[in-house]
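Let me begin by presenting the structure, written as structure tokens, before commenting on it.
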Amino acid sequence: MAYKDVYNAWKADPEGFWMEQAKAIDWVEAPTKALFDDNAPIYEWFSDAKVNTCWNAVDRHVEAGRGEQTAIIYDSPITHTKRTISYMELRNRVANLAGALRAKGIEKGDRVIIYMPMIPEALEAMLACARLGAVHSVVFGGFAAHELAVRIDDATPKAIIAASCGLEPGRVVHYKPLLDSAIDQATHKPDFCVIFQREQEVARLIEGRDYNWHGFQYGVEPAECVPVEGNHPAYILYTSGTTGQPKGVVRPTAGHLVALNWTMKNIYNVDPGDVFWAASDVGWVVGHSYITYGPLIHGNTTIVFEGKPVGTPDPGTFWRVISEWNVRSFFTAPTAFRAIKREDPTGEYVTKYDLSCLRALYLAGERADPETIRWAEQHLNVPVIDHWWQTELGYPAVANPVGNELLPVKHGSPAVAMPGYEFKIVDEGGNTLPPNTLGAIVTPLPLPPGTLPTLWNAEARYRKSYLTTFPGYYETGDAGMIDEDGYLYIMARTDDVINVAGHRLSTGAMEEVLASHPDVAECAVIGVGDDLKGQLPLGFLCLNKGCNRDHDQIVKEVVKLVRDQIGPVAAFKLATVVDRLPKTRSGKILRATMVKIADSQDFKMPATIDDPVILDEIRTALQAMGYAK
Ligand code: COA
Ligand code: AMP
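In our numbering, each residue carries its 1-based index in the sequence shown increased by 5.
And the structure:
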């Protein structure tokens, strides 16, 4: 069906459209209607249904005779391991794990934090929670103990499931000491922890609190799927906001099932049985939607890849995985391609593999620069599909719906609005702007099924962050424009969020850490352009009066502080000491102007600037670091 027919079908009858898509889900009790708007502008979908996510992602495929099909391929160049798990095995493994969790008291609605690397057990832990109706919250392994502690205190989990270690090239990430330290730091204490001992590092367990993954499953009754209400939270996933307190995005169960299932064919163009690969991490929303839930709900085979685009062992590793496992659709972040292109500019490694199985490449998580897209098109010889979405939304909102119709690709644009969205570009007063004019990207409420109904424990913050600036609309936090053909262009964030190697990070959170250094009186963190990672955080430090310590030493200390407090994923390595920060007369730091100077772009002198001379000082400091050319 042509894209415009699908989109118009949604527009003519949004509720009918989603009720139709809901037929692909196995309900315990089918929803009697789609939208629940009694509490608008807080909306819910399919609230009166009863359903179980694990049943839909696992058991129903076994019941339908697909038990022998591979559900999960584990390919770990970092440990030299390959393994496949069929749907039948997955069902048994998940049912046993869920049974063991239930035996220790985990029930519907309890929170469980999962802190694990890219191993199949991470998916099994997520599915075991879903089986019981427990609400998981996966925490990315690149975060430090403090970030884990913040999430423990917000989600108040009854249990934490972790692995003994993660593996980064040349380095073992010692998860267990990080976990122990996080539990020490947190006010809330979980009842128990389950530790998956990896052979690369066996962790010391704390008697009475920690259980061994295998041992604690011994002799338990496998658990059946527990039906939950359609609006029951499937999971909480924390994402960066403007402050150090992350936002707990709540994912509602029924809408999540319906919407993800719809995207697998309509956007990713795979049929049940096809191999789908998202090279991301379960700690991010891409990992939730397109490593775990989307492909499994749709009956695909998913790949758990534990490695990097380069160096594990070479820039041909993606091509090896695609060709070896017959991948149909492949999803990754543009930064991964930039890393490969840097090491293999002529695409020599691509030619070593037969990639005829691959039908399309999907990129998201950050802006896909046209040069990277062209390189991928030229070497892979398949459509390269940029698409845009956010943790909050859970699945693509702007895309090229390849399964309906491959629309013309315009480099630099993730293409057009998907059903559920009618994006507009507005000015600060909420007035709609004409085509090709930069402004804030908004879409009218209600958002479609599966998107966030609220933030965990923070409804006021939800309303303030997304619903208040432009009443009646969802504020995406991104700025961009729409052309005459309805193609969106995403240009920048409107808040203090930056995007480093496809990872969403808060400069506000980094500033809070820098400000805690005893010699720092004031600071600012901005995102500066980087050829590989898209952006990198860069800190400016104003020191306390009378501080005459060596600046290099202070910079080293704040870099370590961010790594220890937020984690290596912050990639915070650049900082400089300056005398003053440029501000408006009312005292607001002019971060956006600093970014423009750093990136050597033209800028308009802000009318409200207090002292323009400070900008010259900032330029000089940036030039000394190789920026502001
Ligand atoms: N656990 C622990 N540490 C982690 C981690 C994890 N799961 N993931 C990353 N880190 C660490 C890295 O080891 C690195 O540490 P270092 O400072 O000691 O080198 C640091 O966090 C920064 O990581 P990253 O920004 O990813 O840089 P990198 O140099 O390790 O790798 C790329 C660069 C481009 C290869 C890598 O960013 C990549 O593969 N990106 C793909 C993006 C992606 O999957 N995004 C997900 C959203 S779609
Ligand atoms: P996350 O919530 O981590 O998925 O990050 C979402 C943010 O990443 C968006 O709000 C954008 O700022 C950015 N982003 C995601 N996909 C794209 C894309 N295709 N093009 C440009 N920016 C993107």
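Note that CB positions come from ideal geometry on N, CA and C, so glycine has one too.
List the residues that DSSP assigns as beta-bridge partners of residue i.
i: M121; result: Bridge partners of M121: none, in fact.
i: W50; result: L40
i: M131; result: According to DSSP, M131 bridges with nothing at all.
i: P257; result: P238
i: T75; result: S91
i: E382; result: Answer is none; E382 lacks a bridge partner.
i: Y243; result: G253
i: A191; result: Answer is none; A191 lacks a bridge partner.
i: A103; result: A103 pairs with nothing; no bridge assigned.
i: C198; result: I165, D215
i: I594; result: K588
i: R509; result: N504
i: S81; result: T86
i: T337; result: L368
i: G444; result: G485
i: S142; result: I118
i: R498; result: D483
i: L579; result: L543
So, residue i versus residue j, is the Cβ gap smaller than 9 Å?
i: F335; j: A284; result: yes
i: I390; j: A365; result: yes
i: D488; j: R498; result: no
i: A259; j: G235; result: yes
i: Y632; j: D604; result: yes
i: R116; j: P162; result: yes
i: V56; j: I30; result: yes
i: R209; j: K181; result: yes
i: L153; j: I118; result: yes
i: D616; j: P573; result: no
i: I302; j: T58; result: yes
i: D374; j: R343; result: yes
i: R466; j: K252; result: yes
i: G444; j: D432; result: yes
i: V326; j: F310; result: yes
i: G288; j: F201; result: no
i: M131; j: V143; result: yes
i: P339; j: P82; result: no
Report yes if the C-beta of residue i is less than 8 Å from at least one heavy atom of the ligand COA; otherwise report no.
i: P314; result: yes
i: G146; result: yes
i: G288; result: yes
i: V231; result: no
i: V518; result: no
i: V650; result: A query on residue 650 cannot be resolved here, the shown segment of the chain reaching from 6 to 634 and no further.
i: R343; result: yes
i: G399; result: no
i: T340; result: yes
i: E234; result: no
If we count the other Cβ atoms within 10 Å of its Cβ and call it buried at 16 or more, is residue i buried or exposed?
i: Y223; result: exposed
i: D18; result: exposed
i: L510; result: buried
i: V177; result: exposed
i: N504; result: buried
i: S361; result: exposed
i: G408; result: buried
i: T306; result: buried
i: D80; result: buried
i: R372; result: buried
i: P451; result: buried
i: M599; result: buried
i: L537; result: exposed
i: E397; result: buried
Beta carbon of residue i: closer than 8 Å to some heavy atom of the ligand AMP?
i: N405; result: no
i: A373; result: yes
i: L414; result: In the sequence as displayed, the identity of residue 414 is Val instead of Leu. No, the beta carbon of V414 sits no closer than 8 Å to any heavy atom of the ligand AMP.
i: L368; result: yes
i: P542; result: no
i: P419; result: yes
i: H508; result: yes
i: I495; result: yes
i: R379; result: no
i: V326; result: no
i: W461; result: no
Can you check the segment 203–236 for any beta strand (DSSP E) of at least 3 residues that lies completely inside it and give the ranges in chain order? 215–217
Completely contained beta strand (DSSP E) runs for the segment 359–420, where each covers 3 or more residues: The segment 359–420 contains these whole beta strand (DSSP E) runs: 365–368, 389–391.
To test your reading of the DSSP string, which unbroken alpha helix (DSSP H) runs of 4 or more residues are found completely within the segment 283–352? Under the rule that a run must span 4 or more residues, the alpha helix (DSSP H) segments found entirely inside the segment 283–352 read 299–302, 322–330, 339–348.
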